[in-house]
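Asks: Protein chains in written order, with the working numbering: chain A, 1 to 113; chain B, 114 to 225.
1) I need the straight-line Cα distance from residue 168(B) to residue 16(A), nearest angstrom please.
2) By how many angstroms is the C-alpha of residue 81(A) removed from the C-alpha of residue 158(B)?
3) Here's a check: name, in chain order, each residue in its chain whose Cβ is nearer than 6 Å to the Cβ of residue 120(B), leaving out the five neighbours to either side.
4) Among 225(B), 137(B) and 148(B), which one has its Cα closest to the Cα of residue 185(B)?
5) Tell whether a beta-carbon distance below 7 Å holds between residue 74(A) and residue 24(A).
6) To the nearest angstrom, how far is it from the Cα of residue 99(A) to the Cα of residue 76(A)?
7) Return the chain-ordered list of same chain residues with a C-beta closer than 8 Å to the C-beta of residue 181(B), the five sequence neighbours on each side being excluded.
8) Could you give the DSSP three-state label for residue 37(A): helix, strand or coil?
9) Within 7 Å (strictly less), CB to CB, does residue 106(A) reach chain B?
10) Grouping DSSP H, G and I as helix and E and B as strand, with all else coil, what is residue 180(B)?
11) Who pairs with residue 10(A) in a beta bridge, going by DSSP?
12) Please name the residue or residues paired with residue 18(A) in a DSSP beta bridge.
13) Measure the Cβ-Cβ separation of residue 90(A) and residue 111(A) and say whether it is below 7 Å.
14) Do you know how far the Cα of residue 195(B) is from the Cα of residue 128(B)?
15) For the beta strand (DSSP E) containing residue 90(A), name the first residue and the last one.
16) Less than 7 Å between CB atoms is the rule here; does residue 45(A) satisfy it with respect to chain B?
This is the structure:
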């Protein structure tokens, strides 16, 4: 197992465009999380899935954001009509249900110009 | 609402020093606490995971302690090296269904 994989590593987009990021979790982990991190801040929770069910969404997740995890495997995070304030590092993590810790991917750096 | 604070925000030490990073949290009803390392522009690497029933965990030169009742954790790094330079993040989980709440991190610089 190669850990949590995120693609792309970097994305530059023009304001108003839609972008989609992908996360492949550790295969035996049934929980998957999305976080957003801006410069100088700790990661902030966006949403999480247990298997294919999206169980919690943060107030940070405006209606321009949507996340899916079809078949409980990989997940995608889509941002529609991007704004400059969406520029951040988007981090994905996975864990096994229970007392285990989180494993994070390398993140996707989004720059909206 | 759980809040996590890390002090200091930045720390610079000469190589070889032992150092302590501090983390405090406002709600002591946590499930576990995890320390991470983050290199510039990179993702998070897990260092240590402490369950709520545990007092400390050790890995190599790292030792993390947890005092749940006082809402505090410390990360002790022995014999620091320039390769330890990174941002260290503390995060707490509020329950088995909860998600991780992070502090803003301590940026550590170890000078050769």
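Every residue gets a Cβ at the ideal spot worked out from N, C-alpha and C, and that includes glycine.
Replies: Straight from the coordinates:
1) 49 Å
2) 32 Å
3) 135
4) 137(B)
5) yes
6) 25 Å
7) 141, 143 and 165
8) strand
9) yes
10) strand
11) 109(A)
12) Residue 18(A) is not bridged to any residue.
13) no
14) 6 Å
15) 88 to 95
16) yes
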